[in-house]
Amino acid sequence: MTNKELADLIFPNITKTPEDYEAMYPKRDLMEGAKVVRFAPSPTGFMHIGNMMSATINYVLAKSSGGVFFLRNEDTDQARSVEGAVEFIHHVLNYYGIYPDEYEYNGKTVGNYGPYIQSERIEIYHAFIKYLISIGRAYPCFLTSDELNEIREYQAKSKKRIGIYGRYAKFRDISNDEAARRIKNGEKYVIRFRSKGDFNRKFIFEDLTKGKIEMPENDIDVPIMKSENLLPTYHFAHVVDDHLMRTTHVVRGEEWMSSVPLHYELFNAFGYKMPKYIHTSLILKKDGDTIRKISKRKDPEALMFYYEEKGYPTLAVIDAVLTIANSNFEEWRTNNPDKPFYEFPFSPKKMSSSGALFDLDKLDNISKNYISKMSASKLYEEYLTWAKKYDEHVYELISKYKEDTINFLNIERETKKPRKDYENYSSIFPKTWYMYDEEWNKTISYEFTKIINKDEIKSIMQACLDQYDSNDVEEVWFSKIKELCDQMGYQSNMKVYKENPDQYKGSIADFTTVIRVVLTTSNMTPNLYDIMKILGRKRMIERLNIFIEKYN
RNA sequence: GGUCUGUUGGUGAAGCGGUUAACACAUUGCCCUCUCAAGGCAACAUUCACGGGUUCAAAUCCCGUACAGAUCACCA
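Numbers in this note's numbering are just positions in the first sequence, counted from 1, shifted up by 1000.
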């Protein structure tokens, strides 16, 4: 029996050849230097920060070169597929504005190089496998999992290289007739690639971030098609898909480095040119004293749910990711504060070659800067959108008090050096809750610093309210406060006070703290003048009364 | 065990044979100041994992060692 006959026996219904597909998916007509890249997650888990980094880099690479960014769903491992994972991928990409040019979702396909879901490409893979069998570069292997385990154990024990190669490839050289007999017999089998490599020979391949790397040739007969669902393995799908989809640059995790020799041989077997590779380093996490790969199970910040729930601005997250990915992004960002991130000239060479710790402090800092530069109304919109999804109570309050909320968020905002006190939307309410009357029914503790005499506080408040005129500009208001301060035995000049603190009941700081705390319960708030203006006389009196009632 | 990669401060890092070893985050201190936030200023690696070599000169080049990570599935 010839190879061709064996191939026909295994794939009787496959009539197309690699050449047919070659014609169906011609080279893309793009400008010189345009990069074709892909984000190809497998829905075996929810999208995590590493995926995010990969997606972002791909997007930037495509956008900045006038190329194409497509999304491919790598769902060949159906046993491990997680419900909702695909939906979440689309959600995240959409949420962060990383829109693929080509994709397939909910029955809709965009792009001419599909299908973009691997399980729908099974016929294509079969045509390529059939071809390989017919030229003698692939064969059915009937090794059972018990046999496989035995081989592995033996190899481990005798310190040999692990894998199916050389004499361990038991079915590599059986006759086609025997293979056919076993298949007709109903025996389970996988299709393995027939490697021609020599482990003692080296080849050099160039990774765009790590540089030239010398590696031994592959000599392992890896499975390219699984026995159960007849789907290809990752390695084979990668070669077929990225060739037919005309990918120019493959961005993938460092863990794939060691399969480069295999991919190299696979591409060569078809006579195809390898794409360029950008192997990105892992994102690590410091756990006590040890540094390890970030874990979806242990580290909440590993999964993309985290950032959305906390309410980080999307662009802040992207900047944080790019800061880790490319060492000169930060510099570019300070020089180009308003440019969209995808205009960043990403350089694979500038990627760190060692793993980086994902630094949440850094994210907070980037995020604070972003939020401080938003207009109050824009911030309000974002805050509202976030609250609607993640905090109903806050949503109701800020909807009801829209004007107050915007005015409050605007305090010390539209200035050259705006306040930077919110790193995400979920951190706003804990710092602003006192603006909402409804919240005052809950337990209140007043955080006074120095003056704690109830009657004294009452008279200070009374005096300040008597003098309060909402038409006063800040300077006028404050000079009135100072005047009262001095009249009541406090010192309005901090310098003078510090020289002889014993001569006064307290300083202007102690004096204003009284007003601040009675009105907000907190001794740490933004500008008092603005807060009083937003509250208005009526509410200030109410709050004084609440104080008198509750404070002992 | 084989194969590959890496190792500059608490973190991300710049550096590519001669620099006071950038910058950013964090931390600490001071200043400013009605609190807070912000801002300003300053401190924080006598040294680039270790050992050897090349050189007038090494974080930078070479060799070795140690340590760390990745990978060696019909998972991606």
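From the three backbone atoms N, C-alpha and C, an ideal C-beta is built for every residue, glycine too.
I'd like the list of long-range same chain contacts for residue i, defined as Cβ closer than 6 Å, with 5 residues on each side in sequence excluded.
i: Phe1267; result: Val1239 and Met1274
i: Cys1485; result: Ser1492, Ile1508 and Phe1511
i: Asp1177; result: Met1001
i: Val1092; result: Met1047 and Met1304
i: Lys1130; result: Ala1007, Phe1011 and Ile1014
For the putative contact between residue i and residue j, defined by C-beta atoms under 8 Å, what is the C-beta separation to the nearest angstrom?
i: Leu1006; j: Ala1127; result: Rounded, the Cβ-Cβ distance is 15 Å, inconsistent with contact.
i: Val1251; j: Met1215; result: Not a contact, Cβ separation roughly 20 Å.
i: Ile1398; j: Thr1521; result: Actually they are not in contact, since the Cβ atoms of Ile1398 and Thr1521 sit about 19 Å apart, beyond 8 Å.
i: Ile1457; j: Met1488; result: Contact doesn't hold; Cβ gap of about 11 Å is too wide.
i: Val1517; j: Phe1448; result: 5 Å
i: Gly1311; j: Tyr1390; result: 7 Å
Given a threshold of 16 other Cβ atoms within 10 Å of its Cβ, counted over all protein chains shown, does residue i qualify as buried or as exposed?
i: Ala1023; result: exposed
i: Gln1118; result: buried
i: Gly1067; result: buried
i: Arg1080; result: exposed
i: Asn1335; result: exposed
i: Asn1441; result: exposed
i: Thr1002; result: exposed
i: Glu1519; result: The sequence given here has Leu at residue 1519, not Glu. Leu1519 should be labelled buried.
i: Ile1204; result: exposed
i: Val1476; result: exposed
i: Thr1525; result: buried
i: Asp1502; result: exposed
i: Met1052; result: buried
i: Pro1043; result: buried
i: Met1225; result: buried
i: Ser1367; result: buried
i: Asp1469; result: exposed
i: Glu1104; result: buried
i: Arg1201; result: exposed
i: Asn1545; result: exposed
i: Val1082; result: exposed
Nearest by alpha-carbon distance to residue i: which of the options is it?
i: Asn1453; options: Glu1542, Ile1548, Asp1198 and Asp1530; result: Ile1548
i: Phe1315; options: Ser1259, Pro1418 and Asn1369; result: Before going further, note that residue 1315 is Leu rather than Phe in the sequence given. Of the candidates Ser1259, Pro1418 and Asn1369, the one whose C-alpha sits nearest the C-alpha of Leu1315 is Asn1369.
i: Leu1071; options: Asp1198, Ile1049 and Arg1038; result: Arg1038
i: Asp1221; options: Ala1169, Val1517 and Leu1528; result: Ala1169
i: Glu1412; options: Pro1043, Met1374 and Val1496; result: Met1374
i: Gln1467; options: Tyr1436, Met1532, Thr1513 and Ile1191; result: Met1532
i: Ile1213; options: Asp1241, Asp1242 and Tyr1264; result: Tyr1264
i: Ile1151; options: Tyr1436, Ile1164 and Cys1141; result: Ile1164
i: Asn1523; options: Lys1450, Glu1120 and Pro1337; result: Lys1450
i: Asp1207; options: Gly1253, Arg1172, His1279 and Phe1341; result: His1279
i: Phe1171; options: Phe1193, Glu1102 and Trp1433; result: Phe1193
i: Asp1077; options: Ile1014, Leu1230, Thr1432 and Gly1033; result: Leu1230
i: Arg1182; options: Pro1340, Asp1359 and Pro1140; result: Pro1140
i: Phe1199; options: Asn1545, Gly1166, Ser1145 and Met1225; result: Gly1166
i: Lys1276; options: Glu1423, Ser1459, Leu1528 and Lys1035; result: Lys1035
i: His1249; options: Pro1043, Ile1366, Ser1054 and Leu1009; result: Ser1054
i: Ser1195; options: Leu1132, Asn1471 and Ile1098; result: Leu1132
i: Thr1415; options: Ser1372, Asp1437 and Glu1254; result: Ser1372
i: Val1060; options: Ile1294, Gly1114, Leu1322 and Asp1173; result: Leu1322
i: Lys1027; options: Arg1246, Asn1527 and Asn1500; result: Arg1246
i: Tyr1025; options: Lys1108, Pro1115 and Tyr1234; result: Pro1115
i: Tyr1383; options: Gly1271, Glu1083 and Tyr1425; result: Tyr1425
i: Asn1218; options: His1090, His1235 and Thr1209; result: His1235
i: Ile1324; options: Arg1161, Phe1344, Phe1358 and Phe1341; result: Phe1358
Among residues of its own chain, excluding the 5 on either side of residue i, which ones have a beta-carbon nearer than 7 Å to its beta-carbon?
i: Asn1326; result: Phe1346, Ser1347, Lys1350 and Met1351
i: Val1394; result: Ala1387 and Phe1429
i: Tyr1021; result: Ile1124, Ala1127 and Leu1244
i: Ala1376; result: Ile1406, Leu1409, Asn1410 and Arg1413
i: Lys1505; result: Gly1489 and Tyr1490
i: Tyr1306; result: Pro1300
i: Cys1464; result: Ile1481, Leu1484 and Ile1515
Let me check one thing: in DSSP terms, what residues is residue i bridge-paired to?
i: Ser1507; result: Gln1491
i: Gly1211; result: Asp1207
i: Cys1141; result: Val1190
i: Gly1253; result: Thr1280
i: Asn1326; result: Met1351
i: Asn1073; result: Ile1117
i: Phe1039; result: Leu1071
i: Leu1303; result: His1048
i: Val1110; result: Tyr1103
i: Asp1202; result: The question names Asp, but residue 1202 is Lys in the sequence shown. Answer by DSSP bridge pairing, in chain order: Pro1216.
i: Leu1225; result: As written in the sequence, residue 1225 is Met, which differs from the Leu given in the question. Answer by DSSP bridge pairing, in chain order: Ile1191 and Pro1232.
Which residues in the same chain as residue i place their Cβ atom closer than 8 Å to its Cβ, once the five residues preceding and following it in sequence are excluded?
i: Asp1101; result: Ala1062, Val1068, Phe1069, Phe1070, Val1110 and Gly1111
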